[in-house]
Amino acid sequence: MDVATAPDIHPPMELDEAEAGAAQDRIVTAEEATQLAELFRLLGDPTRAQLLYALLEAGELCVYDLTETVEVSDTAVSHALRLLRTAGIVASRRAGRMIYYRLADVHVRMLLDLSREHLRHG
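FYI, the numbering for the sequence shown is 20 to 141, going by the numbering used here.
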């Protein structure tokens with residue numbers, strides 16, 4: 020069969036302007052998309068993910084406790100925590116010479132819970 024006489028297996032596409040316009044009104048802005056990509060990039064590191072889940076389960080831990088829990092160097096833990104704190108994902112408090120870390124807010128907790136649930140769903 021020649022290309023000129025082959026049946027069209029793909030019907031012509033028509034833009035549904037109402038649906039496209041409604042979707043465009045609801046999507047994230049370019050700036051929000053950039054911020055989300057940065058957030059997921061931070062969460063995409065296995066060590067940082069383990070640290071976050073350790074904080075999710077324990078509530079609050081110091082660098083030493085996190086080092087023992089995740090079994091990585093204190094330098095790696097400190098670096099990861101600095102990135103997470105700067106991004107607003109974890110918060111810290113000082114008690115004398117010790118600094119304790121926790122998840123910054125309930126939204127981070129929800130994101131981690133939903134992510135784990137998604138993994139278990141599959």
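Quick reminder that beta carbons are idealized off the backbone N, C-alpha and C, glycines included.
- Taking contact to mean at least 3 C-beta pairs separated by less than 8 Å, is the stretch 82-91 in contact with the stretch 37-51? no
- Message: So, with DSSP's three-state summary, where would you put Ala123?
- Response: coil
- Message: Please report the straight-line C-alpha distance between Ala52 and Ser111, rounded to a whole angstrom.
- Response: 27 Å
- Query: Since Leu75 and Leu138 are thought to touch, with beta carbons under 8 Å apart, how far apart are those beta carbons, to the nearest angstrom?
  - Reply: About 14 Å separates the two Cβ atoms, so there is no contact after all.
- Task: Report the option in Thr66, Ala106, Val91 and Cys81 whose CA atom is closest to the CA atom of Gly115.
- Result: Cys81
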